[in-house]
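I have placed the structure first, in the form of structure tokens, so that the comments after it can refer back to it.
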Amino acid sequence: MTDPVTPAPSDLAFVPFVSVDHMMGLVHHIGIRTVLGDLARAIEADFRRWPAFDKTPRVASHSDVGVIELMPTSDGETYGFKYVNGHPSNTRDGLQTVTAFGLLADVTTGYPKLLSEMTLLTALRTAATSAMAARHLAPKGAGTMAMIGNGAQAEFQCLAFQAVCGVDHVRLYDLDPRATEKCARNLQGSGLRVTPCISAEQAMEGARIVTTCTADKQYATILTDNMIGSGVHINAIGGDCPGKTELARDILLRSDIFVEYPPQTRVEGEIQQLPADHPVTELWQVISGAAPGRRSAGQITLFDSVGFAVEDFAALRYVHDAIQGTEFYTRLDMLADPDDPRDLFGMLQRAAPAG
Ligand code: NAD
4 MTDPVTPAPS DLAFVPFVSV DHMMGLVHHI GIRTVLGDLA RAIEADFRRW PAFDKTPRVA
64 SHSDVGVIEL MPTSDGETYG FKYVNGHPSN TRDGLQTVTA FGLLADVTTG YPKLLSEMTL
124 LTALRTAATS AMAARHLAPK GAGTMAMIGN GAQAEFQCLA FQAVCGVDHV RLYDLDPRAT
184 EKCARNLQGS GLRVTPCISA EQAMEGARIV TTCTADKQYA TILTDNMIGS GVHINAIGGD
244 CPGKTELARD ILLRSDIFVE YPPQTRVEGE IQQLPADHPV TELWQVISGA APGRRSAGQI
304 TLFDSVGFAV EDFAALRYVH DAIQGTEFYT RLDMLADPDD PRDLFGMLQR AAPAG
């Protein structure tokens, strides 16, 4: 079968582009649970070869209301980056808090080989990363998760924990009851038991996994110390920017903390509340077997997630492979590529309107 995505050499100037419509089509074509499981495996495989990646904390441009970030990485063969914003007040104007797009390029030529929407893909990869981390850190047999913050990311998180960790009951809480109603409605027919709650405390009842996924640019206290008993796994997603956290500091002091890339998480994660030398474990070390994950039933584990470039890289490579032989992309005329590489001007000249 011909491969329409990997272009013939003369076609290298045409870049496969995955739009939002394509991404939705692709996810439905494959099935969302399969996508989440595949992404968890793809991300885990790249965490296992962590030292192979060129890593840098993301480049962030902060304002009073939000942040715009670039997230680059490379494995020496392929380069990738994501553009992503975080603007908690956007939802008041009917806009998304987080939007994103990303690109993969061939390191040998520097030519892009994929441009993709990443607003949906970020929600999918964040959920897949959370569930992948929980598989190593959460107590065995934990079937109930408290889901605090029921906005754009929430359903993705619930479905990933169902698909990857076997969670069968989610207890939802959001400051805004309409968000909880929306989340409960969207999860109907998912096979999950869904319990809407009227407080974070109520959501925590019987839950041995808690995901915090709220958006507010402040040092918030979504979870107070008394809410976290022994043997709980905390998947903290929403604190991902300087001055934006979700957990009471005392919880951090009682937890074993796992992070993606310490130089980024020290600035952006929950651990910005702690001294710079507070011990943390890098998740890739747990995945590669170099460090233990959960050691005892009573331990409190915390995945202080901020989102790292390697996760986006893995997700983009997954999409690049998944669109092969499908109609879920278009070819963008994105690179000026004259037949004689030094005759860029001639190409422009020949395109002049006749007359
Ligand atoms: P969203 O704005 O769609 O949803 C956030 C929800 O949190 C809203 O429904 C809001 O009512 C609720 N909320 C705010 N304060 C609350 C509180 N005190 N208690 C309970 N609920 C509260 O945002 P989203 O797209 O779902 O993103 C959520 C957060 O996750 C953002 O902060 C975003 O930056 C972060 N995020 C992190 C990663 C990562 O990799 N770690 C990836 C994507 C998004």
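Residue numbers (the numbering used here): 4 to 358.
From the three backbone atoms N, C-alpha and C, an ideal C-beta is built for every residue, glycine too.
For LYS85, DSSP records a beta bridge to MET74 and GLY105. At least 8 Å separates the beta-carbon of TYR82 from that of LEU73. Given a length threshold of 4 residues, each whole run of the alpha helix (DSSP H) inside the segment 106 to 159 is given here in chain order: 122 to 140. With a threshold of 7 Å, the Cβ atom of GLY241 counts as near the ligand NAD, since some heavy atom of the ligand is closer than that. Placement of the Cβ of CYS161 at a distance of 7 Å or more from every heavy atom of the ligand NAD is found. Between the C-alpha atoms of ALA317 and ILE240 there is a straight-line separation of about 19 Å. According to the DSSP assignment, ARG298 belongs to no beta strand (DSSP E), since it is labelled neither H nor E. Pairing LEU195 with ALA163, the inter-Cα distance amounts to about 11 Å. In this structure, TYR222 has its beta carbon at no less than 7 Å from each heavy atom of the ligand NAD. Classified as buried, GLU273 has 16 or more neighbouring CB atoms from the shown chains inside 10 Å of its CB. In the DSSP assignment, VAL322 falls within the unbroken alpha helix (DSSP H) covering 312 to 325. DSSP places PRO91 within a helical segment (H, G or I) once states are collapsed to three. DSSP places ALA166 in the helix class (H, G or I) of the three-state scheme. Between the ligand NAD and PRO245, a heavy atom-to-CB distance of less than 7 Å is absent. Where ASN189 is concerned, the enclosing alpha helix (DSSP H) starts and stops at 180 to 189.
If you look at GLU273, you'll find it isn't in any alpha helix (DSSP H); DSSP assigns it neither H nor E. The DSSP-derived three-state label of THR224 is strand.
In this structure, ASN153 has its beta carbon less than 7 Å from a heavy atom of the ligand NAD.
DSSP, reduced to helix, strand and coil, places ILE33 within a helical segment of the structure shown.
The segment 279 to 292 and the segment 229 to 248 do not touch, with fewer than 3 CB-CB distances between them shorter than 8 Å. CA-CA distance, PRO282 to ASP177, rounds to 31 Å. Short of 6 Å from the beta carbon of SER233, and not among the five residues preceding or following it, lie these beta carbons of its own chain, in chain order: GLY301. Looking only at ALA157, THR132 and CYS168, the smallest Cα-Cα distance to PRO142 is reached by CYS168. In terms of side-chain proximity, the C-beta atom of ASP343 is found no nearer than 7 Å to any non-hydrogen atom of the ligand NAD. Annotation: LEU277 to ARG252 spans about 8 Å, alpha carbon to alpha carbon. The beta carbon of GLY89 sits closer than 7 Å to at least one heavy atom of the ligand NAD. Per the Cβ contact rule, the segment 215 to 232 is in contact with the segment 241 to 250 (3 or more Cβ pairs under 8 Å).
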